[in-house]
Structures are given as C-alpha cells and as structure tokens.
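Have a look at the structure below before the remarks.
The following block contains the structure:
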C-alpha cells in the first residue's frame with residue numbers, strides 16, 4: 224500500500240512538472256484567469272483617464288472591472304462595500320518632507336474622518352475616501368509631489384528601505400539615490416504595470432537589515448566587496464499563504480547596476496506565461512521555487528547579455544534594531560529621534576502638528592517597517608524640546624519599547640479579508656504583557672494579522688498571531704492561531720502555527736503563558752525563537768492552553 228501511494232504521488236508530481244514545462248498560450252491564460260482578462264482588455268493605469276466619469280457615476284453603477292483597475296491607483300474597497308475606499312499613498316523609502324506630511328494630514332482631516340495609518344511598506348493609508356472626491360485629492364497629492372499610482376495592483380509596490388538611510392552613522396553607504404532612481408524608473412511605469420502579480424523590492428545598506436530583506440521578492444542588500452559599495456541580491460521571499468525566506472542569487476551588483484538587474488528580474492518573470500495562469504501561483508517566489516536560484520541567475524544574465532560578478536560573502540545582519548529613541552546622525556550637530564506610533568495609527572491632526580514641528584527645524588519625517596515615525600535632522604540643542612513637544616502631540620518616548628516593534632495589520636473595521644480585530648487586539652495583548660512582565664518584554668515583537676495575507680508579517684514575529692474563527696455550540700466566534708519559531712535576521716525562518724483557534728477572549732492569557740515559559744526557562748542569552756525551537760510542540764500547546772505538562776511545567780492560570 225505504501226509503495227502504491229508513493230508511486231501515485233510520484234506520478235502526480237511528474238504530471239505537475241510536465242504541465243509546468245509545457246508551452247502556455249495567452250489564449251489559455253485569458254480563458255483561465257479573470258484578472259488577466261481585465262488587464263488585457265485595458266491597461267489598468269489608464270483608468271485615471273476616466274476619473275471624471277467615475278467621480279460623477281453613482282457607486283452602484285460602476286462596473287466591478289473598473290473598481291479592480293482602481294487598485295493600480297492605490298484604491299481598495301473599504302469594508303463594507305458601500306462606496307468608501309482605502310487610499311494608499313506611496314512614500315519611497317518612507318521619507319517625507321514636512322509639507323508632504325501636512326498635505327496627507329489635511330487630506331485625512333477633510334476626506335478621511337481625521338484618520339490615517341502607517342503600513343509595513345512605509346506607506347500611509349487613508350480610509351473613508353469617496354470616488355467623487357478623487358479629482359481634488361489627486362490634484363492635491365500631485366502638487367505636493369506625492370502619488371498613489373502603483374500603490375496596489377500587479378505592479379512593483381512601494382520600494383522600502385532603512386528609514387534612517389543617509390543619516391545613520393552605521394549605514395554602509397547612502398542608498399537614497401538608488402531608491403529614488405528605482406522609484407522614478409518603475410513606479411507607475413505602464414511597461415511594468417502588468418506584472419503577473421504584485422512585486423516587492425527593498426533596497427538598503429542598514430547593517431541590521433531592519434527593512435526585512437528576507438521577505439521580499441527582490442532585496443538589494445548593502446555590502447562592501449573588495450572595498451567597493453554594492454549589493455547582494457536576494458530573491459524569492461514573501462509571506463501570505465505560502466511564506467518563503469529569500470535566497471541569495473549569488474551576485475554582487477554596484478549601485479549603477481540595480482535598475483538593470485531589477486528590471487531584468489521582472490522581465491524574465493513577467494514574460495513567462497506560466498505565472499499568469501493562476502493568481503494563487505503567480506508571485507515571483509513560485510518561479511524561484513520552480514527554477515532554483517542558479518537557473519534564475521542564468522535567465523537574468525542571458526537577458527542582460529552579460530555575466531554578473533560573483534558575490535564573495537553573503538551579508539548577515541549584526542543584530543536587530545527598530546531605530547527608536549534618540550541617536551546622533553552622521554551629520555555633526557544633528558540627531559534623529561524614533562517615536563513609537565502604536566498601533567500604527569495617526570490622526571490627521573497629529574500629522575499636521577508633527578509637520579509644523581519638523582518644519583521649524585527643517586527636518587524630515589521617516590516611516591518605519593514596524594509602523595513608527597522618525598524625526599530626522601533635529602538640532603542637538605533642540606532634542607529635549609522636540610521630544611517634549613511630540614509627547615504633547617501624543618507620541619511619547621516614555622513607553623515600553625515593545626510598543627515600538629509590535630505590528631497590527633489594518634484589519635477590522637476596514638479590511639474585507641480580516642476575520643477578526645487586529646489593531647485593538649494587538650493593543651490588548653501588548654498592554655496585558657506590559658502589566659504582567661513590565662520591562663522583561665521590552666524586546667518582544669508581537670506581529671498580528673487578521674487573515675492569511677500577512678500584511679502584518681505574522682510569520683516572522685517573535686510571536687505571530689493570525690485571525691481565524693472557532694466553531695462553538697453558539698456558532699462561529701472570532702479566534703486566533705498562535706505561530707512560533709519564526710523570525711528575521713541571522714536565524715531567519717518561517718513560523719509554525721502551533722496553537723490553533725484560541726478564543727478571542729483567551730488570546731492574551733495564552734500569549735502570557737508562552738512568554739512566562741520563555742522568561743522562566745530560557746538559557747542565558749537565548750532568543751525566544753531558539754527557545755521555542757527546542758521545545759516540543761505538545762509542551763508549547765499545553766502551556767498556551769493552561770494545561771499541566773509531563774515535563775513539570777505548570778502553566779499560569781492567566782486570569
């Protein structure tokens with residue numbers, strides 16, 4: 224029976240490989256993939272030409288195809304689908320001038336019910352946007368040098384970076400010119416406006432890898448080789464329902480080569496019709512899975528018509544940081560100050576006040592992957608004043624550092640995919656841990672998502688949490704899966720969903736028990752990721768659920 228099962232499995236794999244290698248026609252793609260049909264009928268970026276028509280048409284009468292195309296201009300349905308939209312403003316590298324932040328804050332005040340949120344891709348999102356207001360909104364953004372173009376859809380999304388690029392003394396070299404050039408070349412470019420799926424880059428020379436290169440489709444990871452600044456290229460990372468850690472392509476590229484190499488990677492992927500057949504298998508990470516990095520390198524080099532330099536040493540992070548707190552800049556007499564924005568929410572009023580403060584010292588605003596905010600170029604003699612003023616605005620440094628590196632995705636009430644609370648729930652969990660453990664959890668990272676899409680990166684948190692549902696006698700109730708053993712950095716890895724369907728009102732107690740176990744039984748210097756990795760699954764599940772375990776660990780009663 225076992226031999227027969229193995230043989231059947233082998234035959235299925237052979238058939239899958241045969242299907243994967245056979246030629247695919249565009250006719251077949253269009254027959255099987257609804258989104259590809261819509262893109263084929265009209266390039267989605269062109270929908271902007273119909274903005275006057277859309278703005279004057281009742282929401283209920285707008286074709287769903289046009290609603291889909293609006294994603295290419297950074298717009299998604301808010302929940303419920305009654306005519307309100309989320310609008311994502313792209314901010315390359317997370318860098319804003321005071322004037323730009325003021326503009327976004329004023330738009331939030333006027334059109335977004337005074338609400339805004341920082342994303343894990345260093346964007347700012349507004350909600351409650353009506354289509355009839357878009358002409359005024361887009362004109363205002365354009366005047367400020369801002370855009371939503373390419374914020375969503377099958378495009379290269381916002382290019383992320385270290386939020387203190389160009390100002391941090393430890394940065395290997397300044398990558399801001401490279402990020403800006405890549406944004407100008409590819410952001411909203413119609414030639415690259417029809418990728419098989421969304422595509423994510425990060426470009427950084429942060430020695431801590433704070434920008435999470437491990438989970439990007441393509442990461443340009445700063446390094447110095449033979450005295451020359453440049454980048455290792457990592458490919459195939461990504462999260463969602465099939466998470467992957469990126470792999471090194473084995474090449475070293477100079478800053479001048481980044482645009483050509485990145486473009487070649489997109490070209491070999493977008494022109495392979497096999498990755499347009501199914502939305503579920505279209506991301507670049509699947510091509511890396513299918514081909515392997517050696518073949519991907521060969522394809523890229525063939526496309527470029529030349530061989531790339533070999534990478535001698537794959538760069539590793541020196542540790543981890545969130546860039547929070549007060550730090551001297553590379554520029555003498557200046558500091559940057561990182562403020563936790565927990566849980567990533569800013570009001571329009573706050574944005575306007577922060578912009579006024581930053582403007583008073585010709586500063587900049589930098590947004591981080593963990594949904595925080597940094598004020599850059601603060602004169603050393605004004606640091607204390609700026610810190611006090613930010614506390615008055617509502618962003619204080621006098622908080623437990625766990626708030627600066629815990630993430631909650633958009634979730635309820637806005638996201639149509641979320642099945643549970645996210646922002647409120649991550650606040651509840653973090654506040655509970657603060658009350659129980661205080662500074663002992665200062666370095667803990669809680670990443671919480673409301674669905675498998677992983678915008679909040681739950682697969683790589685110290686403790687990851689994903690919303691789900693639990694069937695009870697009274698019907699389905701909100702619940703959460705707890706994921707352990709994931710992380711970024713030197714031991715980067717994808718978490719395992721171990722504790723399934725924890726009731727929403729029990730979540731904070733389950734997390735508490737796991738944290739208590741770690742704090743009580745860890746070895747000196749042992750990270751939480753390594754601790755959970757050496758513990759049996761059964762022990763961790765039992766502890767999380769408050770059960771006695773054979774090895775003598777008694778779980779806290781939580782409540």
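Residue numbers (my numbering): 224 to 782. For every residue, glycine included, the Cβ atom is placed at its ideal position computed from N, Cα and C. Every value quoted in this text rests on a predicted model; they were computed, and no experiment measured them.
My output table needs one value for residue i: the three-state DSSP class, helix, strand or coil.
{"i": "residue 478", "result": "helix"}
{"i": "residue 354", "result": "helix"}
{"i": "residue 271", "result": "helix"}
{"i": "residue 348", "result": "strand"}
{"i": "residue 733", "result": "helix"}
{"i": "residue 396", "result": "coil"}
{"i": "residue 525", "result": "helix"}
{"i": "residue 453", "result": "strand"}
{"i": "residue 226", "result": "helix"}
{"i": "residue 422", "result": "strand"}
{"i": "residue 427", "result": "strand"}
{"i": "residue 382", "result": "coil"}
{"i": "residue 318", "result": "strand"}
{"i": "residue 859", "result": "Lying outside 224 to 782, the shown extent of the chain, residue 859 is not represented and no answer is given."}
{"i": "residue 717", "result": "coil"}
{"i": "residue 792", "result": "The shown model of the chain, from 224 to 782, leaves out residue 792, and the question about it has no answer."}
{"i": "residue 624", "result": "helix"}
{"i": "residue 365", "result": "helix"}
{"i": "residue 289", "result": "helix"}
{"i": "residue 597", "result": "strand"}
{"i": "residue 630", "result": "strand"}
{"i": "residue 442", "result": "strand"}
Distance check for residue j and residue i, CA to CA, integer angstroms please.
{"i": "residue 261", "j": "residue 293", "result": "12 Å"}
{"i": "residue 232", "j": "residue 254", "result": "29 Å"}
{"i": "residue 635", "j": "residue 338", "result": "14 Å"}
{"i": "residue 298", "j": "residue 307", "result": "10 Å"}
{"i": "residue 780", "j": "residue 761", "result": "In this prediction, residue 780 scores a pLDDT of 42, lower than 50, which makes its location untrustworthy; no coordinate-derived value is stated."}
{"i": "residue 759", "j": "residue 768", "result": "15 Å"}
{"i": "residue 482", "j": "residue 226", "result": "50 Å"}
{"i": "residue 556", "j": "residue 396", "result": "20 Å"}
{"i": "residue 538", "j": "residue 660", "result": "35 Å"}
{"i": "residue 763", "j": "residue 650", "result": "23 Å"}
{"i": "residue 315", "j": "residue 766", "result": "43 Å"}
{"i": "residue 450", "j": "residue 459", "result": "28 Å"}
{"i": "residue 623", "j": "residue 616", "result": "18 Å"}
{"i": "residue 428", "j": "residue 541", "result": "12 Å"}
{"i": "residue 494", "j": "residue 526", "result": "11 Å"}
{"i": "residue 700", "j": "residue 693", "result": "5 Å"}
{"i": "residue 564", "j": "residue 454", "result": "31 Å"}
{"i": "residue 639", "j": "residue 531", "result": "43 Å"}
{"i": "residue 345", "j": "residue 310", "result": "14 Å"}
{"i": "residue 322", "j": "residue 354", "result": "25 Å"}
{"i": "residue 434", "j": "residue 697", "result": "43 Å"}
{"i": "residue 658", "j": "residue 641", "result": "28 Å"}
{"i": "residue 383", "j": "residue 444", "result": "12 Å"}
{"i": "residue 575", "j": "residue 327", "result": "8 Å"}
{"i": "residue 728", "j": "residue 351", "result": "29 Å"}
{"i": "residue 567", "j": "residue 463", "result": "20 Å"}
{"i": "residue 245", "j": "residue 484", "result": "27 Å"}
Let me check one thing: in DSSP terms, what residues is residue i bridge-paired to?
{"i": "residue 705", "result": "688 and 722"}
{"i": "residue 311", "result": "348"}
{"i": "residue 299", "result": "309"}
{"i": "residue 265", "result": "Residue 265 pairs with nothing; no bridge assigned."}
{"i": "residue 448", "result": "451"}
Taking all protein chains shown into account, do 16 or more other C-beta atoms lie within 10 angstroms of the C-beta of residue i, making it buried, or fewer, making it exposed?
{"i": "residue 535", "result": "exposed"}
{"i": "residue 257", "result": "exposed"}
{"i": "residue 500", "result": "buried"}
{"i": "residue 370", "result": "buried"}
{"i": "residue 301", "result": "buried"}
{"i": "residue 229", "result": "exposed"}
{"i": "residue 436", "result": "buried"}
{"i": "residue 392", "result": "exposed"}
{"i": "residue 394", "result": "buried"}
{"i": "residue 589", "result": "buried"}
{"i": "residue 748", "result": "exposed"}
{"i": "residue 591", "result": "buried"}
{"i": "residue 680", "result": "buried"}
{"i": "residue 583", "result": "exposed"}
{"i": "residue 340", "result": "buried"}
{"i": "residue 533", "result": "exposed"}
Flag residue i as yes if its beta-carbon sits less than 8 Å from any beta-carbon of chain D, otherwise no.
{"i": "residue 690", "result": "Absent from the structure is chain D; it holds one protein chain and no more."}
Please determine whether the Cβ atom of residue i lies at a distance below 7 Å from any heavy atom of the ligand MN.
{"i": "residue 276", "result": "As far as ligands go, the structure on display features none, and thus does not contain the ligand MN."}
query: Where in the segment 541-595 do unbroken runs of the alpha helix (DSSP H), each at least 4 residues long, occur, reported from the N-terminal end onward?
result: 571-582
- request: Just list the beta strand (DSSP E) runs in the segment 644-698, keeping only unbroken ones of 3 residues or longer that don't cross its boundaries, in chain order.
  value: 669-672 and 686-695
task: Pick out the complete beta strand (DSSP E) segments inside the segment 460-518, 3 residues or longer, and give them in chain order.
output: 470-476
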